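Below you'll find the structure, written out as structure tokens, and then a few comments.
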Amino acid sequence: MALCDIVKNLQPFAEFITVCPECDIGLGVPRHPIRLVNGEKTRLLQPATGQDITGKMQVFVNGFLENLPDVDGFVLKSKSPSCGFGTTKVFASADAQEPLHRHGTGLFAKGVLEQLRDIPHIDETSLMDSEAREHFVTRIFLHANLRLHNSSIQELIDFQTRNKLLLMAYDQRKVKILGRTLADHKHQYFAETVAAYVNTLHEMTLVPPSRANFANAFMHAFGYFSHRLESEKKQYLLNCIEEYRKGSLSLEDLRKAMIPRILEFHIDYLADQTLFYPYPEKLENLHSTKSLMRPRVEEI
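Per my numbering, the very first residue in the sequence shown carries number -17; after that it's consecutive.
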């Protein structure tokens, strides 16, 4: 799956805000290369012209991010001196032939990490990896739903209910912390409850769930209907969960194995769980390869 295909698949569900920091500070197209140069402070230089454009770029980044509407994710350009995230070449000087290392972070990406650190982000190289893509897309829809449904304690309780099994896959201990935060809401201002809830959720979803944790969440769901299955079908689903745990079955295929049973037995609680439907069903083909968006969550 090419990057353009991924973007095309997401377009019905997300509003893309495009930005090219180099163009927006007047460097134009085509332009002489720019590079990150390590020193007392990392500078952004254009060797061919001798320009130090660090200040100009920093002013742009700060202004852009300060005026940015609510967003739920960033797709950054890998290896870019402005947008690269841990993938950019860093040089010792403007005229150095070889980089000191290739793990630098561009000034725009650095601004995103410093000013909007809780917003999900990914670079286009990682977006080509199915597991990284699954985690990113899951997070942006999770983020969008929380952003749009946190105006009352009941909305937060409903959010917690719909997402409980998915959040268990991320961190069972912190799911309990989220529950206590909601239970204690009468003892603090509502804004403090929201802030505590949002901060915990962002922290616990930074790292994708392990296969073992996902398998445990699916086993928990399986317990809701296992007693209603014939022994052969029960063993089949147990095998699917175990095959997923061992790495020989995809997350998508595990979901596809379990969803028909949930629908067959009309288990509304599970049918509403984002563990099974973390994003719109039409995005299932996000899994078709191994290897700055605002989700329109009303379409989920």
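Think of the CB as a built atom: it goes at the ideal place given N, C-alpha and C, for glycine as much as any other residue.
Since the model is a prediction, treat every value here as computed from it, not as a measurement.
Q) Using the rule of at least 16 other Cβ atoms within 10 Å of the residue's Cβ for burial, across every protein chain shown, is Thr187 buried or exposed? A) Counting the other CB atoms within 10 Å of its CB gives Thr187 a total of 16 or more, which places it among the buried residues.
Q | Minimum length 4: unbroken alpha helix (DSSP H) runs contained in the region 33 to 97 | A | Unbroken alpha helix (DSSP H) stretches of 4 residues or longer found wholly inside the region 33 to 97: 36 to 48, 89 to 97, given in chain order.
Q. Are Leu98 and Ser64 touching if we call contact CB-CB under 7 angstroms?
A. Taking 7 angstroms as the Cβ cut-off, Leu98 and Ser64 do not qualify as a contacting pair.
(Q) Here's the rule I'm using: 16 or more other beta-carbon atoms within 10 Å means buried, otherwise exposed. How should Gln79 be labelled? (A) Exposed.
Q. Between the region 100 to 107 and the region 56 to 63, do at least 3 Cβ pairs fall closer than 8 angstroms?
A. With three or more CB-CB distances shorter than 8 angstroms, the region 100 to 107 counts as touching the region 56 to 63.
Q: Excluding the 5 residues preceding and the 5 following Leu14 in the sequence, name in chain order all residues of the same chain whose CB lies nearer than 7 angstroms to its CB.
A: The amino acid occupying residue 14 in the given sequence is His; Leu does not appear at that position. Excluding sequence neighbours, His14 sits near Gln28, Ala30, Thr31.
Q: Would you please state the rounded distance, in angstroms, between the beta carbons of Leu47 and Gly93? I believe it to be under 8 angstroms.
A: Between the beta-carbon of Leu47 and that of Gly93 there is about 6 angstroms, and that keeps the pair under the 8 angstroms contact cut.
Q: Give me whichever residues DSSP pairs with Gln28 in a beta bridge.
A: According to DSSP, which records beta bridges pairwise, Gln28 is partnered with Gln33.
(Q) What does the alpha-carbon distance come out to for the pair Asn283 and Pro190? (A) Any question about residue 283 goes unanswered here, given that the chain covers just -17 to 282.
Q. Based on Cα-Cα distance, which residue from Gly10, Asn132, Gln40 lies nearest to Thr24?
A. Comparing Cα positions, the closest option is Gln40.
Q) What are the start and end residues of the beta strand (DSSP E) that includes Glu106? A) First-last for Glu106: undefined, no H or E at that position.
Q: Measuring alpha carbon to alpha carbon, tell me which of Ala114, Leu160, Ala173 ends up nearest Ser133.
A: Just measuring C-alpha positions, the residue of Ala114, Leu160, Ala173 sitting nearest Ser133 is Ala173.
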